[in-house]
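Participant: The structure under discussion is supplied below as structure tokens; questions concerning it will follow.
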Ligand code: SF4
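Numbering (my numbering), first residue to last: -3 to 414.
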């Protein structure tokens, strides 16, 4: 089996110091928790995580599980994301890794990533992560401009971000940094992003020899402060044309220094592609553990996959897997009912999703893998009309890789396969 098709394991840590102004991920700021604060809730949550891992591993090797999906027996990537995993005491993360290794078959050489916020990283934590076997760290830097960081609601300054990256380099070779671009300003308070800011970001990656960078344009998500400021007309927006220029400036600077672009928003030095993220873009199965975590797993019915989500509610999750009456135990109370099916994909729906996600990658969808996944089916036959149109419009080369124009027209391409 192609390694990309091996299953991945995702663990969700839904806690942050405070919510950023643009963030709609499922995470709670320290003052937003409905069921306790600080180490109490973190400990209860971690007991729940460990119990869920036990529960899932008890169902592994093909027995049916939550929402009728089949749990894989072995994994070759683990991703601890959030939220802010690095907010928590490192003993929690160390114990979690130990537990995962005990109850799951995690292959030697597995890629194990932890996400970190620069405002929460310490030398002790980094050392403990490394000793626990974590071999990749993803640091949310977002901007190198303090006014923009304040506007975004980040808890760190640019100097602290630089220090966190320098510290991480003592322990990790495999480092990602996340940057946001196209950051607007609030009228009269701070300045919107400039091309110079973007050049600083690219220079930061190059000068610090960071091998992987995610470069996302800022989206105003409903329910966030940013969204309400936008609705109230308070944002000093970056024009679309300038935003595109920023994207290409960043991309050109990195490419001139040996970086490749393997996904619309991701740039990498050779050999440092995120194996875990490649699974998402290649239709591979994954198991999610934790409140709000999503799983995508095969169903017992031939060819079907189920996408389901653990309830995005920390109290309900803890009650299911670590009820107060049994906090010290390692047995959940009853069969947990904390997952909801989001969709069931039959073969046709999976094929379309494979194409849509495949065109996130600059190489495009892989015809060989497609055949392997879908019983010998030919991608160029199944989607002959769509592919012809994409080539005619100049979005895609004959070998299905994205053209420069295709990189700009991602949404139009994805819509062809919805
Ligand atoms: S630190 Fe990350 S997960 Fe937490 S609120 Fe900010 S963007 Fe969201």
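In this text, a Cβ means the ideal position worked out from N, Cα and C, and glycines have one as well.
What is the C-beta distance between residue 14 and residue 151, in whole angstroms, given that I count them as a contact (C-beta under 8 angstroms)?
Facilitator: Position 18 of the chain shown, counted from the start, is the residue given in the question as residue 14. Position 155 of the chain shown, counted from the start, is the residue given in the question as residue 151. Indeed they touch by this definition, with Cβ atoms about 6 angstroms apart.
Participant: Return yes when at least one heavy atom of ligand 1 lies under 7 angstroms from the C-beta of residue 251, else no.
Facilitator: The residue you call residue 251 lines up with position 255 of the chain shown. It does not: the Cβ of residue 251 is nowhere closer than 7 angstroms to a heavy atom of ligand 1.
Participant: Quick check: what's the CA-CA separation for residue 121 versus residue 140?
Facilitator: The sequence position of residue 121 within the chain shown is 125, counting from 1. The sequence position of residue 140 within the chain shown is 144, counting from 1. Taking the straight line joining both Cα atoms gives about 23 angstroms.
Participant: Can you tell me whether residue 135 is helix, strand or coil according to DSSP?
Facilitator: Counting from one through the chain shown, the residue named residue 135 turns up at place 139. Three-state result, residue 135: strand.
Participant: Let me know the secondary structure DSSP gives residue 262 once reduced to three states.
Facilitator: The sequence position of residue 262 within the chain shown is 266, counting from 1. Here residue 262 sits in strand by DSSP.
Participant: Which first and last residues belong to the alpha helix (DSSP H) in which residue 125 is found?
Facilitator: Here residue 125 is taken as the residue at index 129 of the chain shown, counted from 1. Counting along the chain, the alpha helix (DSSP H) containing residue 125 begins and ends at 119 to 128.
Participant: Given residue 181, which residues of its chain have a CB within under 6 angstroms of its CB, disregarding the five upstream and five downstream residues?
Facilitator: In the chain shown, counting from the first residue as 1, residue 181 sits at position 185. Cβ within range, chain order: 187, 188 and 232.
Participant: Measuring only the C-alpha atoms, how far is residue 344 from residue 365?
Facilitator: Numbered from 1 along the chain shown, position 348 holds the residue referred to as residue 344. Numbered from 1 along the chain shown, position 369 holds the residue referred to as residue 365. Roughly 16 angstroms separates the two Cα atoms.
Participant: Have a look at residue 418 and residue 8 and give me their C-alpha separation to the nearest angstrom.
Facilitator: No answer is possible for residue 418: it lies beyond the span of the chain, which begins at -3 and ends at 414.
Participant: Considering residue 226, what are the terminal residues of the beta strand (DSSP E) in which it resides?
Facilitator: In the chain shown, residue 226 corresponds to position 230, counting from 1. Careful: residue 226 lies outside any beta strand (DSSP E), inside the alpha helix (DSSP H) at 221 to 227.
Participant: Closer than 7 angstroms to a non-hydrogen atom of ligand 1 - does that hold for the CB of residue 15?
Facilitator: Stepping through the chain shown from its first residue, residue 15 is reached at position 19. Because some heavy atom of ligand 1 lies under 7 angstroms away, the Cβ of residue 15 counts as near it: yes.
Participant: What residue range is occupied by the uninterrupted alpha helix (DSSP H) comprising residue 94?
Facilitator: Numbered from its first residue, the chain shown carries residue 94 at position 98. Where residue 94 is concerned, the enclosing alpha helix (DSSP H) stretches over 86 to 99.
Participant: Applying the criterion that 16 or more other CB atoms from any shown protein chain within 10 Å of the CB defines a buried residue, is residue 367 buried or exposed?
Facilitator: Taking the chain shown and counting its residues from 1, one reaches residue 367 at position 371. Exposed is the call here.
Participant: So which of 101, 21 and 168 has the shortest CA-CA distance to residue 133?
Facilitator: Translated into positions along the chain shown, residue 133 becomes position 137. Closest by alpha carbon: 168.
Participant: Would the beta-carbon of residue 164 fall within 8 angstroms of that of residue 202?
Facilitator: The residue given as residue 164 occupies position 168 in the chain shown. The residue given as residue 202 occupies position 206 in the chain shown. Not closer than 8 angstroms, so no.
Participant: Where DSSP assigns a beta bridge to residue 397, which residues make up the other side?
Facilitator: Locating residue 397 in the chain shown gives position 401, where the first residue counts as 1. Note: residue 397 sits in no beta bridge, so no partner.
Participant: Rounded to whole angstroms, what's the CA-CA distance from residue 326 to residue 51? Just pull it up for me.
Facilitator: Start at 1 with the first residue of the chain shown, and residue 326 comes out as number 330. Start at 1 with the first residue of the chain shown, and residue 51 comes out as number 55. Because residue 326 sits at a pLDDT of 46, beneath the cut-off of 50, its placement in the model cannot be relied upon, and the point is left open.
Participant: Would the beta-carbon of residue 301 be found less than 7 angstroms away from any heavy atom of ligand 1?
Facilitator: Here residue 301 is taken as the residue at index 305 of the chain shown, counted from 1. Because no heavy atom of ligand 1 lies under 7 angstroms away, the Cβ of residue 301 does not count as near it: no.
Participant: Starting from the Cα of residue 6, find the closest Cα among 81, 177, 137 and 159 and give me that residue.
Facilitator: One-based indexing of the chain shown puts residue 6 at position 10. Nearest C-alpha to residue 6: 81.
Participant: What number of angstroms, rounded off, separates the C-alpha of residue 49 from the C-alpha of residue 93?
Facilitator: What you label residue 49 is simply residue 53 of the chain shown in a count that begins at 1. What you label residue 93 is simply residue 97 of the chain shown in a count that begins at 1. Taking the straight line from one Cα to the other gives about 11 angstroms.
Participant: With residue 191 as the anchor, note down where its alpha helix (DSSP H) starts and where it stops.
Facilitator: Working through the chain shown from its first residue, we reach residue 191 at position 195. Segment 191 to 203, the alpha helix (DSSP H) holding residue 191.
Participant: Return the CA-CA distance between residue 351 and residue 413, expressed in angstroms with no decimal places.
Facilitator: Walking along the chain shown from the start, residue 351 turns up at place 355. Walking along the chain shown from the start, residue 413 turns up at place 417. Between residue 351 and residue 413, the C-alpha separation is close to 7 angstroms.
Participant: Around the Cβ of residue 98, are there at least 16 other Cβ atoms within 10 angstroms (buried) or fewer (exposed)?
Facilitator: Taking the first residue of the chain shown as 1, we reach residue 98 at position 102. By the 10 Å Cβ count, residue 98 comes out exposed.
Participant: So, is residue 269 buried or exposed, given that buried needs 16 or more other C-beta atoms within 10 angstroms?
Facilitator: Residue mapping note: residue 269 aligns to position 273 of the chain shown, counting from 1. Per the 10 Å Cβ criterion, buried.
Participant: Going by DSSP, name the residue or residues bridged to residue 281.
Facilitator: Taking the chain shown and counting its residues from 1, one reaches residue 281 at position 285. In DSSP, residue 281 forms no bridge with anything.
Participant: Do you know how far the Cα of residue 286 is from the Cα of residue 324?
Facilitator: Stepping through the chain shown from its first residue, residue 324 is reached at position 328. Stepping through the chain shown from its first residue, residue 286 is reached at position 290. Only weak support is given to the placement of residue 324: the predicted model assigns it a pLDDT of 46, under 50, and the question is left unresolved by the model.
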